[in-house]
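*Asks:* Chains A and B are the protein sequences, given in the same order. Residues in the first sequence are numbered consecutively from 453, following our numbering. Residues in the second sequence are numbered consecutively from 453, following our numbering. Backbone N, C-alpha and C define an ideal beta-carbon position, used for all residues, glycine too. Values in this document were obtained by computation on a predicted structure and should not be read as measured data. Here it is, the structure in full.
2 protein chains.
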Amino acid sequence: MSDETQSEGLTCPAPLMKYDTIQLSHGSGGLLSQELTNNLFRPAFDNEYLSRLDDHALVTVGSSRLSFSTDSYVVSPLFFPGGNIGSLAVHGTVNDLSTGGARPLFLSAGYIIEEGFPMADLWRIVDSMREASLKAGVKIVTGDTKVVDRGKADKLFINTAGIGLVEHEHEIHGGNLQPGDDIIVTGHIADHGIAILAAREELSFQTSVQSDSAPLNKLTLDLVETVGAKIHAMRDPTRGGVAASLNEMAAASSVSVCLAENQIPVRPEVQSACEILGFDPLYVANEGKMLIIVDHSSAENALHRIRQHEYGKDATIIGRVTEGNRGRVVLRTALGGERIVDMPVGQQLPRIC
Amino acid sequence: MSDETQSEGLTCPAPLMKYDTIQLSHGSGGLLSQELTNNLFRPAFDNEYLSRLDDHALVTVGSSRLSFSTDSYVVSPLFFPGGNIGSLAVHGTVNDLSTGGARPLFLSAGYIIEEGFPMADLWRIVDSMREASLKAGVKIVTGDTKVVDRGKADKLFINTAGIGLVEHEHEIHGGNLQPGDDIIVTGHIADHGIAILAAREELSFQTSVQSDSAPLNKLTLDLVETVGAKIHAMRDPTRGGVAASLNEMAAASSVSVCLAENQIPVRPEVQSACEILGFDPLYVANEGKMLIIVDHSSAENALHRIRQHEYGKDATIIGRVTEGNRGRVVLRTALGGERIVDMPVGQQLPRIC
């Protein structure tokens, strides 16, 4: 392999890209993130696993079906009400594995640390990872630490990757939404994004909102065991919020989605913060919520099960999958009107996770 | 979970650490890296998998034995003679999985990109990952992209994690060195570290040395299939070089190691560069070499097999495992003397991988 890597049959997709340099929005979970995935990563790594575009890959190794997922965490600040980058890095990957109904088992942890980072802070973060992994029932089994010179990284970034065991035979993925399905969200939305914003020093507003960062694997496993094949899809609405997740799944399933605004659980203090900051809660990140798309016949049963769980007490049905193959997400407003909830475009909140 | 994470039964190990902030040497693969692992990460994530201290974890999922590994790559510069951060990120994790004799199957890829990074460079790097993964026979099946503001990361960092299938029942790990074993290195050492140093703009010296970055999984799998249980350990001597890898394995196995200086393959131009820069090649990073510790009775057979492979043509026996439970690595010099080859201490080469 030479310095000048030669493509064989693949040409640089730069002409297909809207920008010729990376923008903050390429990491926001919105349209530019999609463009990067669809025009750059997918053509390069073309394979049957990536093509499903879920937040995890379903792979077969030996005789076992596994879920495999990764996320890097660059959240700023590192410590925030409700958690820190360490607990977030455990919960995030546990939840990505959970979206396919897998049982998360093992995590890796890769640290990129800026020279001069306080050892005591590293310990607090690692200790939170310990606590979070104990609570989620996963083991951190392998890791790596890199240190870069001062000014070459912002304090600490963590990558976690995870392996889960898929013990069911159901089709639970973002391309499996069926008209008539109900859409459940497991609790109040937009807490994480607002908590992070409030924690940023440059913002003057104060709020009591805490991040919802939490492991959802017990909830999802219980659901898969009891409601089984009637669960059609699950997704944790992180970057880009509920809006991005529903748009992605609707498009992948060639269906549309109708949401009822007055059913969507938003804490009053989150609603207020969103109004002050000019955000729509549907676009704000969550780190302890799951969207669960379930056959209408099993929706009440699923809701009942979900509400038994620590992180599902405020679960509610927020909408329904509808006919219409254009992947549209429509919101019925409290006033009786309708508006389209598009994929997020342009600058969202950087470094929210 | 609250902002102030509470330890339960674990206390902060800061008093055990030599420094109260992270130093570049904590990422160098030497003594401070060991301290971080042994005093901070291991007590936190205490489990039977981590305790083997190999560069991968051996886990059982369902009925399959898997190898699981991760590495973050922060190499500077991103492009260097013999590869770039993308090919390096594929080879590195493939090789870590190979150290246990696993068959690498699937990789994840997590990107942390600085705002403003050129799209064309990202494509060159991703295309190298495609090429490297094709050559190694692995699939990149899941990924994640984060973007941070200008100045908050240095261009691009990549994390890869990997899953391999372990199809053998042998004990191949760093704690399994036996007195009398031969130590094989699969080719010339120190090429990668010297190539990176030469590529750094601030360094004025020029050399024709290329990085040895390469996938070693075909070589190691062949060896496991043909030499089998006579292979006692394998390790790719990356950060900290041959010296760190042999010290770690000798200590883990409670044996000592004796190396013959005149048997260690070092290219003349690498030797010259090391002399100019004041480095010992034994401490310089490799990214396409494997140390293979094999029962003496099978050493010649193993060497013969290794030399059939593209990346093993210059393999040679460089030393032997000896009695003596102190984990010492001793070098017999060309002049007939002896010197101790310690674990690297203090500042090694930052951002070499």
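1) Closest by CA to residue 594 of chain A, which one among A:614, A:583, A:605 and A:586?
2) By alpha-carbon positions, which one of A:486, A:502, A:733 and A:689 ends up nearest to residue 797 of chain A?
3) My understanding is that residue 667 of chain A touches residue 588 of chain A, with C-beta atoms under 8 Å, so please give their C-beta distance in whole angstroms.
4) Are the CB atoms of residue 722 of chain A and residue 661 of chain A within a distance shorter than 7 Å?
5) Could you confirm whether any beta carbon from chain B is found closer than 7 Å to the beta carbon of residue 469 of chain A?
6) Restricting to Cα atoms, I'd like to know which of B:691, B:725 and B:576 is closest to residue 495 of chain A.
7) What is the DSSP secondary structure of residue 819 of chain A, reduced to helix, strand or coil?
8) Tell me the DSSP bridge mates of residue 446 of chain A?
9) By Cβ distance, which residues of its chain are closer than 8 Å to residue 765 of chain B, with the 5 residues on each side in sequence left out?
10) Assess, as a yes-or-no matter, whether the stretch 767-784 of chain A is touched by the stretch 701-713 of chain A under the definition of 3 or more beta carbon pairs within less than 8 Å.
11) Among B:500, B:564 and B:482, whose alpha-carbon lies nearest the alpha-carbon of residue 522 of chain A?
12) Against residue 475 of chain A, what residues of chain B qualify as contacts under a CB-to-CB distance less than 9 Å, listed in chain order?
13) Do you know offhand how far residue 552 of chain B's Cα is from residue 625 of chain B's?
14) Which residue comes first and which comes last in the alpha helix (DSSP H) that contains residue 579 of chain A?
15) Strictly below 7 Å CB to CB, what residues from chain B border residue 595 of chain A?
16) Residue 781 of chain B: which of B:787, B:710, B:748 and B:715 sits nearest, CA to CA?
17) Strictly under 7 Å for the Cβ-Cβ distance: is residue 516 of chain B near chain A by that measure?
18) Give the C-beta separation of residue 567 of chain B and residue 599 of chain B to the nearest angstrom, bearing in mind that I take them to be a contact with Cβ-Cβ under 8 Å.
19) Straight-line CA distance for residue 583 of chain B to residue 726 of chain A?
20) Could you tell me whether the Cβ atoms of residue 618 of chain A and residue 554 of chain A are closer together than 7 Å?
21) Would you verify that the beta carbon of residue 463 of chain B is, or is not, closer than 7 Å to some beta carbon of chain A?
22) Tell me, to the nearest whole angstrom, how far the beta carbon of residue 476 of chain B is from that of residue 601 of chain A; I am working on the premise that it is less than 8 Å.
23) Please name the residues in the stretch 605-617 of chain B whose beta-carbon is closer than 8 Å to at least one beta-carbon of chain A, in chain order.
24) Where does residue 762 of chain A sit, in a helix, a strand or coil, going by DSSP?
25) Take every Cβ of the stretch 738-750 of chain B, pair it with every Cβ of the stretch 668-681 of chain B, and state whether three or more of those distances are shorter than 8 Å.
26) Under 7 Å between the Cβ atoms of residue 772 of chain A and residue 481 of chain A?
27) If we count the other Cβ atoms within 10 Å of its Cβ and call it buried at 16 or more, is residue 472 of chain A buried or exposed?
28) Kindly say whether residue 571 of chain A, judged by its beta-carbon, lies nearer than 7 Å to any beta-carbon of chain B.
29) Using DSSP with H/G/I as helix, E/B as strand and the rest coil, what is residue 493 of chain A?
30) Could you check the C-alpha separation between residue 574 of chain A and residue 606 of chain A for me, to the nearest Å?
31) Using a C-beta to C-beta distance shorter than 8 Å, which residues of chain A count as neighbours of residue 802 of chain B?
32) Output, in sequence order along the chain, the residues in the stretch 649-662 of chain A whose CB is closer than 7 Å to any CB in chain B.
33) Is residue 711 of chain A helix, strand or coil when you go by DSSP?
34) Would you grab the beta carbon distance between residue 464 of chain B and residue 541 of chain A for me? Rounded to a whole angstrom, and I think it's under 8 Å.
35) When you compare each of A:581, A:769, A:469 and A:501 to residue 488 of chain A by their alpha carbons, which one comes out closest?
36) Work out the CA separation of residue 648 of chain B and residue 794 of chain A for me, nearest whole Å.
*Replies:* Taking the definition as stated:
1) Here residue 594 of chain A is taken as the residue at index 142 of the first sequence, counted from 1. The option with the nearest alpha carbon to residue 594 of chain A is A:614.
2) Taking the first sequence and counting its residues from 1, the one referred to as residue 797 of chain A is at position 345. Closest option to residue 797 of chain A, Cα to Cα, is A:486.
3) Working through the first sequence from its first residue, we reach residue 667 of chain A at position 215. Working through the first sequence from its first residue, we reach residue 588 of chain A at position 136. Contact holds; Cβ gap of about 4 Å.
4) Taking the first residue of the first sequence as 1, we reach residue 661 of chain A at position 209. Taking the first residue of the first sequence as 1, we reach residue 722 of chain A at position 270. Contact flag set, yes.
5) Here residue 469 of chain A refers to the residue found at position 17 of the first sequence. Chain B contact via Cβ: present.
6) For the purposes of this step, residue 495 of chain A is identified with residue 43 of the first sequence, where counting begins at 1. The option with the nearest alpha carbon to residue 495 of chain A is B:576.
7) A question about residue 819 of chain A goes unanswered here, because the residues of chain A that appear run from 453 up to 805.
8) Here chain A comprises residues numbered 453 to 805, so residue 446 of chain A is not present and cannot be evaluated.
9) Taking the first residue of the second sequence as position 1, residue 765 of chain B is located at position 313. Contacts found: 639 and 759.
10) yes
11) The sequence position of residue 522 of chain A within the first sequence is 70, counting from 1. When each option's Cα is compared against that of residue 522 of chain A, the closest is B:564.
12) Taking the first sequence and counting its residues from 1, one reaches residue 475 of chain A at position 23. Going along chain B in sequence order, the residues near residue 475 of chain A (Cβ under 9 Å) are 567, 568 and 599.
13) The count along the second sequence starts at 1 and reaches residue 552 of chain B at position 100. The count along the second sequence starts at 1 and reaches residue 625 of chain B at position 173. Looking at the two C-alpha atoms, the distance is approximately 6 Å.
14) Locating residue 579 of chain A in the first sequence gives position 127, counting from the first residue. From DSSP, the alpha helix (DSSP H) with residue 579 of chain A extends over 571-588.
15) Taking the first residue of the first sequence as 1, we reach residue 595 of chain A at position 143. Those are 493 and 522, listed as they occur along chain B.
16) Position 329 of the second sequence, counted from the first residue, corresponds to residue 781 of chain B. The option with the nearest alpha carbon to residue 781 of chain B is B:710.
17) Residue 516 of chain B sits at position 64 when you count from the first residue of the second sequence. Judged by the 7 Å Cβ criterion, residue 516 of chain B is in contact with chain A.
18) Stepping through the second sequence from its first residue, residue 567 of chain B is reached at position 115. Stepping through the second sequence from its first residue, residue 599 of chain B is reached at position 147. Correct: roughly 6 Å between the Cβ atoms.
19) In the second sequence, residue 583 of chain B corresponds to position 131, counting from 1. In the first sequence, residue 726 of chain A corresponds to position 274, counting from 1. For residue 583 of chain B and residue 726 of chain A, the distance between alpha carbons rounds to 45 Å.
20) Stepping through the first sequence from its first residue, residue 618 of chain A is reached at position 166. Stepping through the first sequence from its first residue, residue 554 of chain A is reached at position 102. The answer is yes: Cβ separation under 7 Å.
21) Start at 1 with the first residue of the second sequence, and residue 463 of chain B comes out as number 11. Chain A contact via Cβ: absent.
22) As a position in the second sequence, residue 476 of chain B is number 24, starting the count at 1. As a position in the first sequence, residue 601 of chain A is number 149, starting the count at 1. The beta-carbon separation of residue 476 of chain B and residue 601 of chain A, rounded to 7 Å, stays under the 8 Å limit for a contact.
23) The residues in question are 605, 606, 609, 611, 613, 615 and 617.
24) Along the first sequence, one-based indexing puts residue 762 of chain A at 310. Of the three classes helix, strand and coil, the one that applies to residue 762 of chain A here is coil, per DSSP.
25) yes
26) Locating residue 772 of chain A in the first sequence gives position 320, counting from the first residue. Locating residue 481 of chain A in the first sequence gives position 29, counting from the first residue. Cβ distance not < 7 Å, so residue 772 of chain A and residue 481 of chain A don't count as in contact.
27) The residue given as residue 472 of chain A occupies position 20 in the first sequence. Burial call: exposed.
28) Walking along the first sequence from the start, residue 571 of chain A turns up at place 119. True, the Cβ-Cβ gap to chain B drops below 7 Å.
29) Counting from one through the first sequence, the residue named residue 493 of chain A turns up at place 41. Helix, per DSSP.
30) Locating residue 574 of chain A in the first sequence gives position 122, where the first residue counts as 1. Locating residue 606 of chain A in the first sequence gives position 154, where the first residue counts as 1. Their backbone Cα atoms lie some 14 Å apart in a straight line.
31) As a first step, residue 802 of chain B must be located in the second sequence, where it is residue number 350. The answer, in chain order, is 599, 600 and 601.
32) none
33) Working through the first sequence from its first residue, we reach residue 711 of chain A at position 259. Reduced to three states, the DSSP call for residue 711 of chain A is strand.
34) The residue given as residue 464 of chain B occupies position 12 in the second sequence. The residue given as residue 541 of chain A occupies position 89 in the first sequence. About 19 Å; that fails the 8 Å criterion.
35) Against the first sequence, residue 488 of chain A aligns to sequence position 36. With distances taken between Cα atoms, residue 488 of chain A lies closest to A:469.
36) In the first sequence, residue 794 of chain A corresponds to position 342, counting from 1. In the second sequence, residue 648 of chain B corresponds to position 196, counting from 1. When rounded, the distance between both Cα atoms is 46 Å.
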